[in-house]
């Protein structure tokens with residue numbers, strides 16, 4: 006699988022776009038979505054200021 010992440014400045018933060026190509030057949034759309042949401046939530050926790 007090839008994942009391309011693009012980070013773009015936005016007025017209220019950063020827009021994160023992820024393109025996943027050649028996702029293995031054994032990974033369901035739902036599982037892939039859950040994994041991406043988890044990865045993005047972890048990224049947000051690391052970069053957001055409190």
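Residue numbers (this note's numbering): 6 to 55. No residue lacks a Cβ here, since even glycine has one placed at the ideal position from N, Cα and C. Every value quoted in this text rests on a predicted model; they were computed, and no experiment measured them.
Beta-bridge annotation (DSSP): residue 14 is paired with 19.
Taking the Cα positions, residue 28 is about 12 Å away from residue 35.
Take residue 9, set aside five residues on each side of it, and the residues of its chain with a beta-carbon closer than 6 Å to its own are 24, in chain order. Per DSSP, the continuous alpha helix (DSSP H) segment holding residue 40 begins and ends at 34–52. Residue pairing by DSSP places residue 8 opposite 25 in a beta bridge.
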